[in-house]
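Notes for the one structure printed next.
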Amino acid sequence: MSYQTIELTTAAGVVTLTLNRPQRLNSCNAAMHAELRDALRGIESDAAVRCLLITGRGRAFCAGQDLDARDIAPGEHAPDLGASLEQHYNPLIRTLRSLQMPVVCAVNGVAAGAGANLALACDIVLAGRSASFIQAFCKLGLVPDSGGTWHLPRLIGHARAMGLALLGERLPAEQAEQWGMIWKCVDDAQLMQEAQSLAQHLAAQPTRGLALTKQALNATWHNSLATQLDLERDLQRQAGRTDDYREGVAAFMAKREPRFLGH
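All letters in the sequence shown, in the order written, are residues 1 to 263 by UniProt numbering.
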(Lines of atoms letter the chains of each structure in order from A and count residues from 1; the text may use other names and numbers.)
(Lines give C-alpha, C1' and ligand atoms only; values in the text may rest on other atoms or scores of the structure.)
Protein backbone atom coordinates (compact mmCIF):
# COMPACT_ATOMS: atom_id res chain seq x y z
CA MET A 1 0.00 0.00 0.00
CA SER A 2 1.22 3.48 -0.85
CA TYR A 3 0.93 5.85 2.10
CA GLN A 4 0.26 9.59 2.02
CA THR A 5 0.36 10.55 5.71
CA ILE A 6 3.09 8.23 6.98
CA GLU A 7 6.33 6.77 5.64
CA LEU A 8 7.77 3.32 6.27
CA THR A 9 11.38 2.26 5.81
CA THR A 10 12.91 -1.07 6.79
CA ALA A 11 16.54 -1.93 7.49
CA ALA A 12 18.21 -4.66 9.55
CA GLY A 13 15.03 -5.74 11.28
CA VAL A 14 13.95 -2.19 12.17
CA VAL A 15 10.87 -0.53 10.70
CA THR A 16 10.95 3.26 10.96
CA LEU A 17 7.47 4.75 10.87
CA THR A 18 7.51 8.49 10.22
CA LEU A 19 4.41 10.61 10.68
CA ASN A 20 4.34 12.65 7.50
CA ARG A 21 1.98 15.62 7.64
CA PRO A 22 4.60 18.25 8.47
CA GLN A 23 2.45 21.09 7.16
CA ARG A 24 -0.06 20.21 9.92
CA LEU A 25 2.59 19.39 12.56
CA ASN A 26 1.81 15.70 11.94
CA SER A 27 -1.60 16.06 13.54
CA CYS A 28 -3.89 13.07 13.17
CA ASN A 29 -6.85 12.83 10.81
CA ALA A 30 -8.94 9.91 9.60
CA ALA A 31 -6.57 9.17 6.72
CA MET A 32 -3.56 8.96 9.03
CA HIS A 33 -5.41 6.66 11.41
CA ALA A 34 -6.35 4.35 8.55
CA GLU A 35 -2.77 4.23 7.30
CA LEU A 36 -1.40 3.64 10.81
CA ARG A 37 -3.78 0.70 11.28
CA ASP A 38 -2.72 -0.83 7.98
CA ALA A 39 0.98 -0.30 8.65
CA LEU A 40 0.84 -1.78 12.14
CA ARG A 41 -1.04 -4.84 10.88
CA GLY A 42 1.77 -5.43 8.41
CA ILE A 43 4.44 -4.90 11.06
CA GLU A 44 2.71 -7.31 13.46
CA SER A 45 2.53 -10.05 10.84
CA ASP A 46 6.12 -9.71 9.54
CA ALA A 47 8.43 -12.07 11.42
CA ALA A 48 11.47 -10.26 10.02
CA VAL A 49 10.58 -7.07 11.91
CA ARG A 50 12.13 -7.02 15.37
CA CYS A 51 11.85 -3.37 16.41
CA LEU A 52 9.61 -0.41 15.55
CA LEU A 53 10.91 3.17 15.60
CA ILE A 54 8.35 6.00 15.46
CA THR A 55 9.19 9.64 14.73
CA GLY A 56 7.76 12.68 12.94
CA ARG A 57 8.68 14.61 9.81
CA GLY A 58 9.57 18.29 10.14
CA ARG A 59 9.57 20.46 13.24
CA ALA A 60 7.01 18.52 15.29
CA PHE A 61 6.53 14.96 16.42
CA CYS A 62 2.73 15.13 16.55
CA ALA A 63 0.35 17.93 17.51
CA GLY A 64 -2.44 15.49 18.38
CA GLN A 65 -5.82 15.65 16.69
CA ASP A 66 -6.16 17.81 13.59
CA LEU A 67 -8.75 20.28 14.79
CA ASP A 68 -9.78 21.14 11.22
CA ALA A 69 -11.69 17.87 11.37
CA ARG A 70 -13.37 19.04 14.57
CA ASP A 71 -14.57 22.44 13.35
CA ILE A 72 -18.17 22.86 14.52
CA ALA A 73 -20.31 25.34 12.61
CA PRO A 74 -22.99 27.30 14.50
CA GLY A 75 -26.09 25.19 14.97
CA GLU A 76 -24.32 21.90 14.25
CA HIS A 77 -24.32 19.06 16.73
CA ALA A 78 -20.98 18.42 18.39
CA PRO A 79 -19.14 15.30 17.21
CA ASP A 80 -19.06 12.17 19.36
CA LEU A 81 -15.45 12.32 20.56
CA GLY A 82 -15.87 9.09 22.49
CA ALA A 83 -16.63 7.31 19.24
CA SER A 84 -13.49 8.81 17.71
CA LEU A 85 -11.42 7.45 20.59
CA GLU A 86 -13.02 4.03 20.34
CA GLN A 87 -12.49 3.84 16.59
CA HIS A 88 -9.05 5.42 16.22
CA TYR A 89 -6.93 6.33 19.23
CA ASN A 90 -7.71 3.52 21.65
CA PRO A 91 -6.91 0.71 19.19
CA LEU A 92 -3.67 2.51 18.26
CA ILE A 93 -2.52 2.73 21.88
CA ARG A 94 -3.52 -0.88 22.60
CA THR A 95 -1.60 -2.10 19.56
CA LEU A 96 1.58 -0.24 20.50
CA ARG A 97 1.46 -1.50 24.08
CA SER A 98 0.93 -5.12 23.04
CA LEU A 99 3.24 -5.24 20.02
CA GLN A 100 5.52 -8.26 20.34
CA MET A 101 8.69 -6.25 19.87
CA PRO A 102 10.31 -3.13 21.34
CA VAL A 103 8.82 0.19 20.25
CA VAL A 104 11.20 3.17 20.29
CA CYS A 105 9.96 6.73 19.91
CA ALA A 106 12.11 9.66 18.76
CA VAL A 107 10.31 12.89 19.67
CA ASN A 108 11.74 15.50 17.29
CA GLY A 109 9.66 18.53 18.30
CA VAL A 110 6.43 19.36 20.03
CA ALA A 111 4.31 16.41 21.16
CA ALA A 112 0.93 17.79 22.15
CA GLY A 113 -2.34 16.25 23.26
CA ALA A 114 -2.80 12.78 21.80
CA GLY A 115 0.64 13.21 20.19
CA ALA A 116 2.26 13.39 23.62
CA ASN A 117 0.37 10.34 24.81
CA LEU A 118 1.19 8.43 21.63
CA ALA A 119 4.86 8.91 22.51
CA LEU A 120 4.30 7.80 26.12
CA ALA A 121 2.67 4.57 24.90
CA CYS A 122 6.00 3.52 23.34
CA ASP A 123 8.51 1.41 25.26
CA ILE A 124 11.56 3.68 25.13
CA VAL A 125 11.24 7.40 24.40
CA LEU A 126 14.09 9.63 23.27
CA ALA A 127 13.54 13.34 22.72
CA GLY A 128 15.55 16.10 21.12
CA ARG A 129 16.61 18.89 23.44
CA SER A 130 14.22 21.34 21.75
CA ALA A 131 11.27 18.93 22.03
CA SER A 132 8.45 19.42 24.50
CA PHE A 133 5.34 17.66 25.78
CA ILE A 134 2.01 19.41 26.29
CA GLN A 135 -1.21 17.98 27.71
CA ALA A 136 -3.24 20.49 25.73
CA PHE A 137 -6.68 19.01 26.41
CA CYS A 138 -7.58 21.39 29.24
CA LYS A 139 -7.26 24.33 26.85
CA LEU A 140 -10.16 22.88 24.85
CA GLY A 141 -12.31 21.75 27.77
CA LEU A 142 -11.39 18.10 27.19
CA VAL A 143 -9.98 15.19 29.16
CA PRO A 144 -6.49 13.76 28.45
CA ASP A 145 -6.97 10.68 26.29
CA SER A 146 -4.92 8.14 24.33
CA GLY A 147 -3.78 6.65 27.63
CA GLY A 148 -2.61 9.94 29.13
CA THR A 149 -4.51 9.55 32.39
CA TRP A 150 -3.04 6.04 32.74
CA HIS A 151 0.58 6.65 31.77
CA LEU A 152 1.24 10.04 33.35
CA PRO A 153 0.59 9.17 37.04
CA ARG A 154 2.58 5.97 36.70
CA LEU A 155 5.54 7.70 35.06
CA ILE A 156 5.78 10.93 37.05
CA GLY A 157 3.43 10.61 40.03
CA HIS A 158 -0.01 11.98 40.85
CA ALA A 159 0.95 15.57 41.68
CA ARG A 160 2.95 16.20 38.51
CA ALA A 161 0.40 14.42 36.35
CA MET A 162 -2.37 16.55 37.82
CA GLY A 163 -0.40 19.75 37.23
CA LEU A 164 0.32 18.92 33.59
CA ALA A 165 -3.26 17.86 32.92
CA LEU A 166 -4.98 20.81 34.62
CA LEU A 167 -2.58 23.56 33.57
CA GLY A 168 -1.56 22.40 30.10
CA GLU A 169 1.93 23.80 30.56
CA ARG A 170 4.77 22.96 28.18
CA LEU A 171 7.18 20.39 29.63
CA PRO A 172 10.66 20.67 28.03
CA ALA A 173 12.39 17.43 27.08
CA GLU A 174 15.18 17.91 29.63
CA GLN A 175 12.66 18.23 32.44
CA ALA A 176 10.72 15.25 31.12
CA GLU A 177 13.91 13.21 31.44
CA GLN A 178 14.57 14.53 34.95
CA TRP A 179 11.04 13.57 36.00
CA GLY A 180 11.42 10.06 34.56
CA MET A 181 8.75 10.58 31.92
CA ILE A 182 11.10 9.64 29.07
CA TRP A 183 14.25 7.57 28.78
CA LYS A 184 16.66 10.20 27.51
CA CYS A 185 17.00 13.76 26.17
CA VAL A 186 19.68 14.17 23.50
CA ASP A 187 20.94 16.98 21.29
CA ASP A 188 18.64 17.57 18.33
CA ALA A 189 21.37 16.80 15.81
CA GLN A 190 22.01 13.41 17.42
CA LEU A 191 18.39 12.35 17.96
CA MET A 192 17.79 10.15 14.92
CA GLN A 193 21.29 8.69 14.96
CA GLU A 194 20.90 7.67 18.59
CA ALA A 195 17.34 6.42 18.09
CA GLN A 196 18.33 4.33 15.08
CA SER A 197 21.36 2.92 16.90
CA LEU A 198 19.15 1.97 19.84
CA ALA A 199 16.53 0.39 17.56
CA GLN A 200 19.19 -1.61 15.69
CA HIS A 201 20.59 -2.85 19.00
CA LEU A 202 17.14 -3.97 20.14
CA ALA A 203 16.46 -5.64 16.79
CA ALA A 204 19.54 -7.83 17.33
CA GLN A 205 18.42 -8.97 20.78
CA PRO A 206 16.19 -11.96 21.73
CA THR A 207 12.90 -10.52 20.48
CA ARG A 208 10.64 -13.08 22.13
CA GLY A 209 12.30 -12.53 25.50
CA LEU A 210 11.90 -8.75 25.13
CA ALA A 211 8.22 -9.19 24.25
CA LEU A 212 7.66 -11.31 27.34
CA THR A 213 9.46 -8.69 29.44
CA LYS A 214 7.09 -6.04 28.07
CA GLN A 215 4.15 -8.25 29.00
CA ALA A 216 5.41 -8.65 32.57
CA LEU A 217 6.10 -4.97 33.12
CA ASN A 218 2.76 -3.91 31.61
CA ALA A 219 0.92 -6.30 33.93
CA THR A 220 2.66 -5.26 37.15
CA TRP A 221 0.39 -2.24 37.78
CA HIS A 222 -2.63 -4.50 38.16
CA ASN A 223 -1.11 -7.46 39.98
CA SER A 224 -0.34 -8.30 43.57
CA LEU A 225 3.18 -9.53 44.30
CA ALA A 226 1.90 -13.11 44.46
CA THR A 227 0.18 -12.78 41.08
CA GLN A 228 3.23 -11.13 39.53
CA LEU A 229 5.50 -13.90 40.80
CA ASP A 230 3.21 -16.45 39.16
CA LEU A 231 3.29 -14.47 35.92
CA GLU A 232 7.10 -14.28 36.01
CA ARG A 233 7.19 -18.06 36.46
CA ASP A 234 4.90 -18.64 33.48
CA LEU A 235 6.68 -16.17 31.21
CA GLN A 236 10.11 -17.49 32.20
CA ARG A 237 8.95 -20.97 31.30
CA GLN A 238 8.12 -19.70 27.81
CA ALA A 239 11.39 -17.77 27.50
CA GLY A 240 13.41 -20.78 28.56
CA ARG A 241 12.03 -22.78 25.65
CA THR A 242 13.18 -20.34 22.95
CA ASP A 243 16.06 -20.88 20.56
CA ASP A 244 17.44 -17.51 21.64
CA TYR A 245 17.78 -18.68 25.24
CA ARG A 246 19.80 -21.66 24.06
CA GLU A 247 21.95 -19.38 21.94
CA GLY A 248 22.46 -16.95 24.82
CA VAL A 249 23.68 -19.72 27.13
CA ALA A 250 25.88 -21.25 24.40
CA ALA A 251 27.45 -17.87 23.64
CA PHE A 252 28.07 -17.20 27.34
CA MET A 253 29.76 -20.56 27.81
CA ALA A 254 31.86 -20.10 24.67
CA LYS A 255 32.74 -16.51 25.61
CA ARG A 256 31.50 -15.17 22.28
CA GLU A 257 28.88 -12.68 21.15
CA PRO A 258 25.43 -14.27 20.82
CA ARG A 259 23.66 -14.40 17.46
CA PHE A 260 20.00 -14.05 18.33
CA LEU A 261 17.42 -14.80 15.64
CA GLY A 262 14.41 -13.41 17.48
CA HIS A 263 12.60 -16.69 18.17
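Built from N, CA and C at the ideal position, the CB exists for glycine as well.
Under three-state DSSP, which class holds residue i?
| i | result |
| --- | --- |
| Ile134 | strand |
| Leu171 | strand |
| Lys184 | strand |
| Leu118 | helix |
| Gln87 | helix |
| Leu99 | coil |
| Gln196 | helix |
| Ala112 | strand |
Exposed or buried, which one is residue i when buried takes at least 16 other CB atoms within 10 Å?
| i | result |
| --- | --- |
| Arg241 | exposed |
| Val143 | exposed |
| Ala226 | exposed |
| Asp80 | exposed |
| Ala239 | buried |
| Glu35 | buried |
| Met181 | buried |
Please report the distance separating the alpha-carbon of residue i from that of residue j.
| i | j | result |
| --- | --- | --- |
| Leu53 | Leu217 | 20 Å |
| Arg233 | Arg24 | 47 Å |
| Ile6 | Val186 | 24 Å |
| Lys184 | Phe133 | 14 Å |
| Leu40 | Leu140 | 30 Å |
| Arg59 | Asp66 | 16 Å |
Going by DSSP, what residue range makes up the alpha helix (DSSP H) through residue i?
| i | result |
| --- | --- |
| Leu231 | 225-239 |
| Ala250 | 243-254 |
| Leu217 | 207-219 |
| Leu36 | 30-45 |
Where do the ends of the beta strand (DSSP E) carrying residue i lie?
| i | result |
| --- | --- |
| Glu7 | 6-11 |
| Phe61 | 60-62 |
| Leu53 | 51-56 |
| Gly128 | 124-128 |
| Thr149 | Premise fails: Thr149 lies in the alpha helix (DSSP H), 148-156, not in any beta strand (DSSP E). |
| Val143 | That residue, Val143, is in no beta strand (DSSP E); it is neither H nor E in DSSP. |
| Leu17 | 14-19 |
Taking only beta-carbon positions, decide if residue i is within less than 8 Å of chain C.
| i | result |
| --- | --- |
| Leu36 | In the structure shown, chain C does not exist; there is a single protein chain. |
Please tell me whether, using a cut-off of 7 Å, the distance from the CB of residue i to the nearest non-hydrogen atom of the ligand COA is below it.
| i | result |
| --- | --- |
| Gln193 | Although the ligand COA was asked about, the structure shown includes no ligands whatsoever. |
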